Each structure stands twice: as structure tokens, then as C-alpha cells.
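Encoded as C-alpha cells, the structure appears first; notes follow it.
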Amino acid sequence: MTGLYIHVPFCAAICNYCNFNRGLFDPNLKRRYVDAVVREIRAHRDTPVPNSQPIPNPQSPIPSPADTIYFGGGTPSLLEPGEVRRIVGACEEAFDVARDREVTLEANPESIDAARLAAYRDAGVNRLSIGVQSFRNAELRRLSRLHDADRAAAAYQDARAAGFDNVSLDLMMWLPQQSVGEWLESIDAAIALAPDHLSLYLLEVYPNAPLKDDMARAKWSQAPDDDAATMYVAAMERLEDAGLLQYEISNAARRGRRSRHNLKYWTDGEWLGFGCGAHSTRDGVRWKNISSTTEYIETVARGASPAVDARCLTSDERLGDALFTGLRLVDGIDANAIQTRYGVDLWRRFGADLERFLDAGLLQRDGARLWLTRRGMLLAHEVMSVFV
Ligand code: SF4
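This note's numbering numbers the first residue of the sequence shown as 7 and each following residue consecutively.
Shown next, in the form of C-alpha cells:
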């Protein structure tokens, strides 16, 4: 089944480390943007795949089945609940959306309260992903985040009070000046709240991020690489002890609470992205939308497709993607499934290269299954370079 991604490119302030496709919140621009997204989703009924390239499958009059809707950003919780409802409604008109759908909204702690969250639930949202990043105020300030630790915890409690039974928290590790012990304080604070799902991201300081200058000015540094590895492994172990089982390099969940939407990215699935800069992959065709918010709005308003760079993936690219993303999962990849889907014998094609990672304890193999060990996950890029 297809997953539907809705990009919301607005933020109340721009964080000093961010390199996502986003801009400052402007209520008028947001209203026009929501109109454009609704129009783009509706237009999808008529043109399921951008027609600038050969389309492998003919258009079907039957709406495609979809079972997940994911509002990502930016800060989707800057949308009014009524706007979320309109977009969910447009998805229901254009797709055959499963009754047991997963509808996720990413939310920043400072932009939500109990009443707003209850209204999101009424609008059809049933999963919340809260961008906590840290439970230590000094770290949040260094990241120029707008919330503090108390607001993050209160946002979580508000979500529970509003009836959300599927709540994920995002945390960031390897922050400037953060020690292993301080990182684990945030992990313990998250565990104490008992979320259903946790995503742990390693901070990447981009060359032109304002954070880089902030760090130079204040003489902040990141802990040594070995400490970053300890942070990762110790966090995953603590989460496991608390019943949050790692299922992907950066994600852990209680049983039955893995992100159904994100699993599509890691299991060779299909998804359609709506909104500026959103990516789509379907029927072996990949495309993305115009990145600029205003250009996107203007393009959709004149009835044109915002899709650019549509192209059919080669069989080698599809295979490479399947191996790359599959290895991100704790369950790893199944060589038999790869053989069936792509007609490639994994061991014959990559065996010699994979052997040294098996010997080094970064990969493990059991019959047809191949997966990264936790240590291997720390060096995933190195292992995955075999498939490039
Ligand atoms: S809230 Fe998220 S998307 Fe917005 S600026 Fe901060 S990091 Fe970037």
C-alpha cells in the first residue's frame, strides 16, 4: 500500500542547525500553501505519476490504496486542525485510504496544548511525533530551540490527555558540550514518560549552519567519536531494557508501534509526497516537487504539475536502494526476497566484499538473512558502500 507524505515548510523560528526545506511562518502564505496542497492531492486522481517520463503502468481509474498519511516538516503543528482535516479529506477523496490508517503529525512542543491536540485527533491524526531533541535546557538553548524541557514533558502529557495512544519522541545526540552522562539523562527522562516510539538522531553540523559559528564563538565542541559510539550503544541498550526495541538504525518502539509510514522507506515500499520539496517513488519512477514554497504554490495554482526530475529507476538503482534501506533495519535483508524481486544472487554478486564485514563482526548472517550488528550500525555507511 502507498504511504502519503505531506510537507509543511513553516517554522516559528529557524533553528541554528537546520538544513531542512523550511521557512519562517507566514499565515497568509500558509493559507495559500494549504490550498495548493489540497489541489495537488486532488489532481493526483487524474495524473497518478508525472508524465514527463515514460510511465510503466497505465493510469488506473481506481483510486490507489493508501494506509499512512504523514505530516512532516518544518513544523506541521503550525497548521490549524481544520487545515489538517481538509488535507486528510483530500487524501480520502483521491485515494482509497484504509480504515486502520496511521496518520502522523510532527509537532513541536511550543506549538501544542491539550485543546489543540484534541482538535488534531478530531481531524483524523492518530499518531504524534514530538520534536523534543533534549530534556536539558542548556542543550536546547545551544540548539536555539523555542521550548524548554518542562514544556516538552508537558506536551507529551497533553498528548496523552488528548487521547493519543501512539506517541513518538525525537531526541538528538552528540550535541555541543554534551557528555555521555548528560545524553543518558535525556534518554532516562524519555523512558520515564513511557512513549511508544523514540527516534534518536546524531547531530550533524553542516558547514554553513549558524550553529557552526555559534560553536566557534562560544568554544563549544562535540565529544570524541568514541563517546558518540558509546552514546548510541548505551542509549539503545537502555531503551531495550525499558521495552523500546530497536528496529532501525535510529528508531526504537514498543511492540506494534513501529512507524508504518517510515517502514515504507526502508522496505522497498511506495510513497507519494505532496507539497514543496516532497519526494515520491512509485512503480519504479522517482520524482520530487519544486523546493521553493512560492514557486510550488504558483505552479499548482496555474494547474501545472509541481513535479520535477521524474525518471525511471534502473534495475541496479532499485536493487541498490532495497539493499541500502533494508540493512538499516534490525531484521536486515532477506537474500531470497532479493532474488525473487530483482533476480540477483546477493552472495554471488557481493559475497566477497561482504565477507570482510562478516569477519569484522559488523555484519551477521543466518541462512538467507543478513543484518548489521549494533557495532555495524555505527559504521553502516562503510558497509553499505559495497552496494554502490
Ligand atoms: S523546527 Fe525543525 S524544521 Fe523547523 S527550523 Fe527547527 S529543526 Fe528546522
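Beta carbons are placed, not taken as given, at the ideal position from N, Cα and C, and that holds for glycine. All values reported here derive from a predicted model rather than from experimental measurement.
DSSP, reduced to helix, strand and coil, places Tyr207 within a strand of the structure shown.
Under DSSP, the beta-bridge partners assigned to Asp372 are Arg375. With the rule of 3 Cβ pairs closer than 8 angstroms, the stretch 271-286 does not count as touching the stretch 214-222. Using a 10 angstroms sphere on the CB of Gly137, the tally of other CB atoms reaches 16 or more, which defines it as buried. Annotation: Tyr76 to Thr273 spans about 17 angstroms, alpha carbon to alpha carbon. Gln184 carries a coil assignment under DSSP once its states are collapsed to helix, strand and coil. Our two residues, Arg151 and Arg38, have alpha carbons roughly 27 angstroms apart in a direct line. Of all alpha-carbon atoms in Asn132, Ala234 and Ala100, the one lying nearest the alpha-carbon of His267 is that of Asn132. Assignment of Asp73 by DSSP, reduced to helix, strand and coil, places it in the strand class.
Within the same chain, Ala374 come within 7 angstroms of Asn342 by CB-CB distance, once the 5 residues on both sides are set aside. Per the DSSP secondary-structure output, Leu10 pairs in a beta bridge with Ile75 and Leu278.
Pairing Trp226 with Arg48, the inter-Cα distance amounts to about 48 angstroms.
Checking the 7 angstroms criterion, the Cβ of Asn114 is within range of a heavy atom belonging to the ligand SF4. Here the C-alpha atom of Leu199 lies approximately 12 angstroms from the C-alpha atom of Ala165. For Cys21, DSSP assigns no beta-bridge partner whatsoever. In the DSSP assignment, the residues bridged to Glu108 are Thr74.
A check of alpha carbon separations from Ala224 across Ile20, Leu149 and Asp106 identifies Leu149 as the nearest.
Remark: the shortest separation between the CB of Arg28 and any heavy atom of the ligand SF4 falls under 7 angstroms. Unbroken alpha helix (DSSP H) stretches of 4 residues or longer found wholly inside the stretch 329-362: 341-348, given in chain order. Taking 8 angstroms as the cut-off, the Cβ atoms of Ala100 and Pro69 count as close. Apart from sequence neighbours up to five positions away, the residues of its chain that approach Cys282 with a beta-carbon distance below 7 angstroms are His13, Pro15, Asn27, Asn295, Ile296, Ser297, Ser298, Thr299 and Tyr302, ordered along the chain.
For Lys36, the uninterrupted alpha helix (DSSP H) run begins and ends at Pro33 to His50, by DSSP. Secondary structure of Ala316 (DSSP, three-state): strand. Taking the C-beta atoms as reference points, Pro87 is found no nearer than 8 angstroms to Asp119. The shortest CA-to-CA distance from Val306 to any of Val43, Gly9 and Ile20 is the one to Val43.
Taking Asp337 as the centre and dropping the five residues before and after it, the same chain places the C-beta of Tyr253, Arg375 and Trp377 closer than 8 angstroms to its C-beta, in chain order.
Secondary structure at Val392: helix, using DSSP grouped into helix, strand and coil. The stretch 18-36 and the stretch 154-163 do not touch, with fewer than 3 CB-CB distances between them shorter than 8 angstroms.
Residue side-chain check: Gly137 places its Cβ nearer than 7 angstroms to a non-hydrogen atom of the ligand SF4. The DSSP-derived three-state label of Arg288 is strand. Annotated three-state conformation of Glu86 is coil, per DSSP.
In summary, Glu361 is exposed, with fewer than 16 beta-carbon neighbours lying within 10 Å of its beta-carbon over all protein chains present. Look at Trp293 here: in three-state DSSP terms it is strand.
Between Ser256 and Ser205, the C-beta gap is smaller than 8 angstroms, which places the two residues in contact. DSSP places Leu190 within a helical segment (H, G or I) once states are collapsed to three. The closest heavy atom of the ligand SF4 lies less than 7 angstroms from the beta carbon of Gly80.
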